[in-house]
Amino acid sequence: MEVGQMQRRLVDYTKSLFMEGFLDAQFLQLQQLQDESNPDFVVEVVSLFFDDSEKLLNDLTMALDQPNVDFKKVDAHVHQLKGSSSSIGAQRVKNACIAFRSFCEEQNIDATLRCLQQVKQEYYLVKNKLETMLRLEQQIVAAGGSIPMIELGF
Amino acid sequence: MATTLPSSDQAPDQDNWDNEGLEHKRQLLTEIVLRNTMITLVVDGIMTRRVLVQGLLRPYGVQTLGVDNGRDAVDLIAFGVKFDLIIIEKILPALNGLDVTRQIREIGVCCKMLGVTTCSGENERQAFLAAGVDVFIEKPLDPEHLVPILRELDWQ
Numbered sequence: 011m012e013v014g015q016m017q018r019r020l021v022d023y024t025k026s027l028f029m030e031g032f033l034d035a036q037f038l039q040l041q042q043l044q045d046e047s048n049p050d051f052v053v054e055v056v057s058l059f060f061d062d063s064e065k066l067l068n069d070l071t072m073a074l075d076q077p078n079v080d081f082k083k084v085d086a087h088v089h090q091l092k093g094s095s096s097s098i099g100a101q102r103v104k105n106a107c108i109a110f111r112s113f114c115e116e117q118n119i120d121a122t123l124r125c126l127q128q129v130k131q132e133y134y135l136v137k138n139k140l141e142t143m144l145r146l147e148q149q150i151v152a153a154g155g156s157i158p159m160i161e162l163g164f
Numbered sequence: 032m033a034t035t036l037p038s039s040d041q042a043p044d045q046d047n048w049d050n051e052g053l054e055h056k057r058q059l060l061t062e063i064v065l066r067n068t069m070i071t072l073v074v075d076g077i078m079t080r081r082v083l084v085q086g087l088l089r090p091y092g093v094q095t096l097g098v099d100n101g102r103d104a105v106d107l108i109a110f111g112v113k114f115d116l117i118i119i120e121k122i123l124p125a126l127n128g129l130d131v132t133r134q135i136r137e138i139g140v141c142c143k144m145l146g147v148t149t150c151s152g153e154n155e156r157q158a159f160l161a162a163g164v165d166v167f168i169e170k171p172l173d174p175e176h177l178v179p180i181l182r183e184l185d186w187q
């Protein structure tokens with residue numbers, strides 16, 4: 011595939027992630043912080059988000075598997091995941107965390123277990139999408155092209 | 032270098048790809064040149080967010096040190112490390128941002144402190160300001176918030 015074609019594919023793919031609500035404006039801000047002096051910034055932050063999220067999802071799974079669930083602890087983990095996802099613009103994960111926290115407050119075990127599944131699903135979806143997007147970017151750079159700047163109105 | 036590429040021909044106009052607000056933010060990112068070297072302490076329990084704030088400050092040549100909890104922040108300051116700016120999140124593990132701010136002020140530190148949180152109520156704002164931060168910012172923290180503060184610090 012020629013570079014121009016790959017660039018258009020990347021623009022369309024990234025645009026679809028915004029249209030489908032996987033990402034929000036915060037992700038654009040993250041992209042704007044990447045420049046020649048800091049060429050891998052997005053990959054670095056997104057990788058941190060993956061590491062952080064997977065650790066938190068494990069902690070959450072364990073915390074909700076206890077005979078006496080400590081909802082304060084669960085809420086603290088969800089708060090962390092919400093902060094982490096909103097900082098990179100993973101909007102659907104963030105929204106799932108907001109619903110999760112309200113059920114923590116109610117100490118509703120069934121609802122929190124459902125929320126955990128929902129958050130996991132949203133996380134793995136956005137992870138997959140981001141990995142595809144970053145792979146496309148790498149292919150463009152490897153072919154000697156530049157990463158097109160995505161701009162959206164919010 | 033990133034370039035602007037138009038989307039595919041099918042892209043509808045209402046998507047508003049060229050956005051003045053974003054352009055303005057980009058200008059803020061590139062136009063400011065600081066005369067002085069500054070060091071900022073970033074206190075945030077969430078690693079992704081801490082790295083993002085550090086990434087926001089780096090283009091201006093601002094050095095940053097990040098800590099993931101309030102106790103380490105207080106220890107650093109008590110030890111005598113000097114900062115030009117402290118950016119502190121309200122919700123932190125162990126010691127919350129308000130308590131950390133109070134302790135930092137009690138040590139006698141008078142540098143600019145920026146309290147950041149997602150909670151936007153007036154009570155939250157007043158509580159953080161009463162604890163000793165100079166500015167309260169509702170997230171997300173972005174160049175529009177940071178640039179005027181960096182400029183002000185640079186001229187002091």
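Chains as they are written, first to last, in the working numbering: chain A, 11 to 164; chain Z, 32 to 187.
Using N, Cα and C, we set each Cβ at its ideal position, and we do this for glycine too.
Note that the coordinates shown come from a computational prediction; the quantities given were computed from them, not determined experimentally.
Could you tell me which of A/D120, A/I119, A/V88 sits nearest to A/V129, measuring between CA atoms?
The residue you call residue 129 of chain A lines up with position 119 of the first sequence. Cα-wise, what sits closest to A/V129 is A/V88.
Whole-angstrom distance between A/L20 and A/L146, CA atom to CA atom:
Start at 1 with the first residue of the first sequence, and residue 146 of chain A comes out as number 136. Start at 1 with the first residue of the first sequence, and residue 20 of chain A comes out as number 10. Their backbone Cα atoms lie some 6 Å apart in a straight line.
Could you tell me the distance, in whole angstroms, from the CA atom of Z/P174 to the CA atom of Z/L87?
Position 143 of the second sequence holds residue 174 of chain Z. Position 56 of the second sequence holds residue 87 of chain Z. The alpha-carbon atoms of Z/P174 and Z/L87 are separated by roughly 7 Å.
Who pairs with A/D45 in a beta bridge, going by DSSP?
Translated into the one-based positions of the first sequence, residue 45 of chain A becomes position 35. A/N48, per the DSSP bridge assignment.
A/V151: first and last residue of the uninterrupted alpha helix (DSSP H) it sits in:
Along the first sequence, one-based indexing puts residue 151 of chain A at 141. Here the alpha helix (DSSP H) through A/V151 covers 119–152.
Measure from the alpha carbon of A/C125 to the alpha carbon of each residue in A/K137, A/S112, A/V136, then state which is nearest.
Position 115 of the first sequence, counted from the start, is the residue given in the question as residue 125 of chain A. That would be A/S112, whose Cα lies nearest to the Cα of A/C125.
Just checking my contact of Z/M78 with A/D69 at CB under 8 Å: how many whole Å lie between their CB atoms?
Position 47 of the second sequence, counted from the first residue, corresponds to residue 78 of chain Z. Position 59 of the first sequence, counted from the first residue, corresponds to residue 69 of chain A. With a Cβ gap of about 14 Å, Z/M78 and A/D69 do not count as contacting.
Indicate the three-state DSSP secondary structure (helix, strand or coil) for Z/K113 in the structure shown.
Looking up residue 113 of chain Z in the second sequence gives position 82. Coil at Z/K113, not helix or strand.
3-residue-minimum beta strand (DSSP E) runs that sit fully inside the stretch 90–168 of chain Z, ordered along the chain
Complete beta strand (DSSP E) runs here, min 3: 94–98, 116–120, 143–148.
Please report how far the alpha carbon of Z/G128 lies from the alpha carbon of A/T24, in whole angstroms.
Counted from its first residue, the second sequence places residue 128 of chain Z at position 97. Counted from its first residue, the first sequence places residue 24 of chain A at position 14. Cα-Cα distance, rounded: 36 Å.
DSSP state of Z/V74, grouped into three classes?
Here residue 74 of chain Z corresponds to residue number 43 of the second sequence, with the count starting at 1. In the structure shown, Z/V74 sits in a strand (DSSP, three-state: E or B).
With H, G and I counted as helix, E and B as strand and the rest as coil, what does DSSP make of A/M11?
Looking up residue 11 of chain A in the first sequence gives position 1. Coil at A/M11, not helix or strand.
My understanding is that Z/V147 touches Z/I119, with C-beta atoms under 8 Å, so please give their C-beta distance in whole angstroms.
Along the second sequence, one-based indexing puts residue 147 of chain Z at 116. Along the second sequence, one-based indexing puts residue 119 of chain Z at 88. Right, the Cβ-Cβ distance comes to about 7 Å (below 8 Å), so this counts as a contact.
Opposing strand residues paired with A/A100 [DSSP bridges]:
Here residue 100 of chain A refers to the residue found at position 90 of the first sequence. A/L33.
If I follow the unbroken alpha helix (DSSP H) through Z/P174, where does it start and stop?
Taking the second sequence and counting its residues from 1, one reaches residue 174 of chain Z at position 143. Start and end: 174–186.
Report the residue from Z/L160, Z/V105, Z/E137, Z/T149 whose alpha carbon sits nearest the alpha carbon of A/K92.
Looking up residue 92 of chain A in the first sequence gives position 82. Cα-wise, what sits closest to A/K92 is Z/T149.
Could you tell me the alpha carbon to alpha carbon distance between Z/Q187 and Z/E155, rounded to whole angstroms?
Here residue 187 of chain Z refers to the residue found at position 156 of the second sequence. Here residue 155 of chain Z refers to the residue found at position 124 of the second sequence. C-alpha separation (whole angstroms): 29 Å.
For Z/L87, return the contacting residues in chain A, with the cut-off set at a CB-CB distance below 7 Å.
Walking along the second sequence from the start, residue 87 of chain Z turns up at place 56. Residues of chain A with a Cβ closer than 7 Å to the Cβ of Z/L87 are, in chain order, L43.
Whole angstroms is fine: what's the gap from A/D120's alpha carbon to A/Q127's?
Taking the first sequence and counting its residues from 1, the one referred to as residue 120 of chain A is at position 110. Taking the first sequence and counting its residues from 1, the one referred to as residue 127 of chain A is at position 117. A/D120 and A/Q127: Cα-Cα distance of roughly 11 Å.
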